[in-house]
Ligand code: NDP
C-alpha cells in the first residue's frame, strides 16, 4: 500500500458515513500521488494525515422561535480545516442537506482553492441544516442571530473569516454581522460579502460568476477561441449562476438554459437575465415563472434534463454532484468542448473521467470558482486598511488572479507529465504551497 492509499483507507475507516468527504479526499489525494512520491519527507512528517484532519470542528445547537411562536432547533457547524497560509476562510451554507460530511468536503477543497488564489488565507467552511426557503425575514434574522450567538466566540478578523454560500447571501451576512458587532462591540472585517455601506467590497457579489467566466475565457483564448457565438448552459439561478450568465452575455456568448431546484428553463433566443433576477433575487420565487413571462421559452420539471441540451460550454453552478456519468456522456455526445465548475464538486468522479477521456477542457471548482474567495480576501485587505477600491480595480485584480490560476494549474500539470489535466494541475499547484508552509511550521 502506498502512503496515499494508506491515508485514504484510514480516512474512510475513521470517518464513516461521510461519503462527500471521502469523494473529495479521494479526488485530491490520488492526484497528489506524483508530488508525494517526490517528497519522502512528507510521509515522515505525517503531512497527509494532518492535511486531511481538520484543525478544529465546532458543532453547535441553533435554537430559534418561528413566527407562530414554536421553538425550532437546527445544527450549526464550523470546520476550521487548515490555517497554514492564513486565517481560516470559507463560506457558510444554509441548506437542509448540510451535515458534517458536506462541510468537511467543502472545507478540504477550500484549503487548496484559497492557496491557488495566491492570497494569505487558510481553509474553513461552515453552515447549518436550516432551510431558508419560505421563511419570513424575521425568521431569517432570528436564525442568523442565534447562529452567531454561538459562532462569534470562534471567529475573528485574524482567526476565521466566514462568508456566504448556498442560502447565505447579502441579507444573511448583514444579520450575522449585526449580531457579531453587538456581542463583540467591534466593527471589523470578520465576515466578507458585507453590504457596501458597512465595509463590503465592490465586485464581491459578482466575483464568483465573473471569475468563472474569466478563467474559461483564458482557456478559450490560449486555444485561439472566445465566448463569441458560443452556446452556453448554466445550472442554478443563484449568486454564481446569475453573474456567470451576465459575464458570458457581455462577452458575446448565448446562455440558453438555467435552473432552480425544481426544474429548468430553456430559451433558445438567449436567457433574459433581468427576468431571472426579478424572479430569483427580488421576488425569491420559482424559475418556472420565466416561461410564462418570456415568449418562445419553455420550462421542464426536474433538473438533470438540462444536460441533454446541446451546448459548447457547460457551467454547472448549483450544487455538488449535479452531473453524473450519464449526463457527462450526453454532454459529450452533443459536442460540449468546455466544462467549468462554478459550484463545488458539481461533477462526480465518473463524470470528470468521461470529460477528460473525451478531450473536453475541464476546469475543476477549486480553480474555476476561486474568484469569490479571492475577492473576499481583497475585501479583508480593504477592511484592514480602511480603504475602498473602485469596481474596476477589484474586477481587474480578480481577472489577473483567475488568469494566474489558469496558468499555474496548466504549468503544474505539465511539470508532472499530465498536460491538459487541470484537476491534477490545480490540486498540485494548490497543495505545494500549503505543504511548504506546514513543513516550515513544524508538527502542529
Ligand atoms: P445560491 O443559494 O445563491 O444559489 C444556489 C442555486 O442552486 C439556486 O438556484 C438553487 O435553487 C440551486 N440549488 C441548490 N441546491 C440544489 C439542488 N440540490 N438541486 C438543484 N438545484 C439546487 O448559492 P450560490 O450561487 O452562492 O452557490 C452555488 C454553488 O457555488 C455552491 O456549490 C457553492 O458552494 C458554490 N460557490 C459559491 C460561491 C459564492 O461566492 N457564492 C463561491 C464559490 C463556490 P433554488 O433557488 O431552488 O434553491
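Residue numbers (this note's numbering): 23 to 466.
Don't be surprised by glycine CBs; every beta carbon is placed ideally from N, CA and C.
**Report entry** Candidates 160, 30, 428: closest to residue 443 by CA position
**Finding:** By alpha-carbon distance to residue 443, the top candidate from 160, 30, 428 is 428.
Requested in this report: Below 6 Å CB to CB, which residues in the same chain sit around residue 452 once its five sequence neighbours on both sides are set aside?
Outcome: Within the same chain, residue 452 has close Cβ partners 134, 137, 138.
Report task. Would you mind reading off the limits of the beta strand (DSSP E) that contains residue 336? Result -> The continuous beta strand (DSSP E) containing residue 336 extends over residues 335-338.
Query raised in the report: So which of 339, 305, 73 has the shortest CA-CA distance to residue 259?
Result: When each option's Cα is compared against that of residue 259, the closest is 339.
Query raised in the report: Where does the unbroken beta strand (DSSP E) through residue 102 begin, and where does it stop?
Result: Where residue 102 is concerned, the enclosing beta strand (DSSP E) stretches over 93-104.
Report task. Please specify which runs of the alpha helix (DSSP H), each continuous and at least 4 residues long, are wholly inside the stretch 311-357, giving them in chain order. Result -> Taken in chain order, the whole alpha helix (DSSP H) runs of length 4 or more contained in the stretch 311-357 are 311-315, 347-355.
Query raised in the report: Which whole-angstrom value describes the C-beta separation of residue 74 and residue 29, a residue pair presumed to lie in contact below a C-beta threshold of 8 Å?
Result: About 6 Å; that satisfies the 8 Å criterion.
Query raised in the report: So which of 410, 366, 408, 389 has the shortest CA-CA distance to residue 127?
Result: The candidate whose alpha carbon is nearest that of residue 127 is 366.
Requested in this report: Taking 7 Å as the cut-off, decide whether the C-beta atoms of residue 89 and residue 118 are in contact.
Outcome: No; because the gap between Cβ atoms is not below 7 Å, this pair is not in contact.
**Report entry** Completely contained beta strand (DSSP E) runs for the stretch 130-156, where each covers 3 or more residues
**Finding:** 145-150, all fully within the stretch 130-156.
Requested in this report: State whether the stretch 157-177 contacts the stretch 196-205, with contact taken as three or more CB pairs (one from each stretch) at a distance under 8 Å.
Outcome: Note that the stretch 157-177 touches the stretch 196-205; at least 3 beta-carbon pairs, one per stretch, sit closer than 8 Å.
Requested in this report: Classify residue 100 as buried or exposed, calling it buried when 16 or more other Cβ atoms lie within 10 Å of its own Cβ.
Outcome: Answer is buried; the Cβ neighbour count reaches 16.
**Report entry** Residue from 454, 464, 465, 463 whose Cα sits closest to the Cα of residue 59
**Finding:** When each option's Cα is compared against that of residue 59, the closest is 454.
Requested in this report: Could I get the ranges of all uninterrupted alpha helix (DSSP H) runs contained in the stretch 184-213, with 4 residues as the minimum, in chain order?
Outcome: Annotation: the stretch 184-213 contains the following complete segments of the alpha helix (DSSP H) (minimum length 4 residues), in chain order: 192-206.
Query raised in the report: Going by Cα to Cα distance, which pick from 232, 294, 212 is closest to residue 181?
Result: Closest option to residue 181, Cα to Cα, is 212.
Query raised in the report: So, helix, strand or coil for residue 181, using DSSP?
Result: DSSP, read as helix, strand or coil, puts residue 181 in coil.
Query raised in the report: Between residue 258 and the ligand NDP, is the CB less than 6 Å from at least one heavy atom?
Result: Within the cutoff, so yes.
Requested in this report: Measure from the C-beta of residue 451 to each C-beta in chain B and report whether the shortest distance is under 7 Å.
Outcome: This model lacks chain B altogether; it includes just one protein chain.
**Report entry** For residue 233, the first and last residue of its enclosing beta strand (DSSP E)
**Finding:** Run containing residue 233: none in the beta strand (DSSP E); it sits in the alpha helix (DSSP H), 226-244.
Query - Option in 55, 69, 39 with minimal Cα separation from residue 465 - result: Nearest C-alpha to residue 465: 69.
Requested in this report: Report all residues from its chain with a CB closer than 7 Å to the CB of residue 141; omit the five preceding and five following residues, and keep chain order.
Outcome: In chain order, 396, 399 place their CB closer than 7 Å to the CB of residue 141, counting only its own chain and leaving out the 5 sequence neighbours on each side.
Query raised in the report: Whose CA, out of 174, 224, 232, lies closest to the CA of residue 204?
Result: With distances taken between Cα atoms, residue 204 lies closest to 174.
Query raised in the report: Looking at the structure shown, is residue 424 part of a helix, part of a strand, or coil, going by DSSP?
Result: Residue 424: helix per DSSP, three-state reduction.
Query raised in the report: Helix or strand or just coil, what does DSSP make of residue 434?
Result: For residue 434, the secondary structure class from DSSP, reduced to helix, strand or coil, is helix.
Query raised in the report: Alpha carbon to alpha carbon, what distance is there between residue 458 and residue 418?
Result: Each residue's Cα considered, the two are about 29 Å apart.
Query raised in the report: Should the stretch 430-444 be called in touch with the stretch 143-157, which here means at least 3 C-beta pairs below 8 Å?
Result: Because the criterion of three Cβ pairs below 8 Å is not met, the stretch 430-444 and the stretch 143-157 do not touch.
Query raised in the report: Can you tell me the Cα-Cα spacing of residue 102 and residue 320, whole angstroms?
Result: Taken atom to atom, the span from the alpha-carbon of residue 102 to that of residue 320 is near 44 Å.
Query - the stretch 236-243 in contact with the stretch 372-391 per 3-pair CB rule at 8 Å - result: The stretch 236-243, when compared against the stretch 372-391, does touch it at the 8 Å Cβ threshold.
**Report entry** Assigned exposure category for residue 386 - 16 Cβ within 10 Å defines buried
**Finding:** Buried.
Query raised in the report: The beta strand (DSSP E) with residue 276 in it runs from where to where?
Result: It spans 276-282 - the beta strand (DSSP E) in which residue 276 sits, taken as one unbroken run.
Query raised in the report: Under 6 Å from any heavy atom of the ligand NDP, does the C-beta of residue 427 make it?
Result: Distances between the C-beta of residue 427 and the heavy atoms of the ligand NDP are all 6 Å or more.
Query raised in the report: What residues match up with residue 484 in a beta bridge as DSSP calls it?
Result: Not covered by the structure: residue 484. The range shown for the chain is 23 to 466.
Requested in this report: Check residue 410 in the structure and name its three-state DSSP category.
Outcome: Here residue 410 sits in coil by DSSP.
Query raised in the report: Does the distance from the CB of residue 224 to the CB of residue 409 come in under 7 Å?
Result: The answer is no: Cβ separation not under 7 Å.
Query raised in the report: How close, in whole Å, do the beta carbons of residue 80 and residue 176 come, if the pair is a contact with beta carbons under 8 Å?
Result: Indeed they touch by this definition, with Cβ atoms about 5 Å apart.
Query raised in the report: Considering residue 81, what are the terminal residues of the alpha helix (DSSP H) in which it resides?
Result: Looking at the DSSP string, residue 81 is not in any alpha helix (DSSP H); the run it does join, the beta strand (DSSP E), is 78-87.
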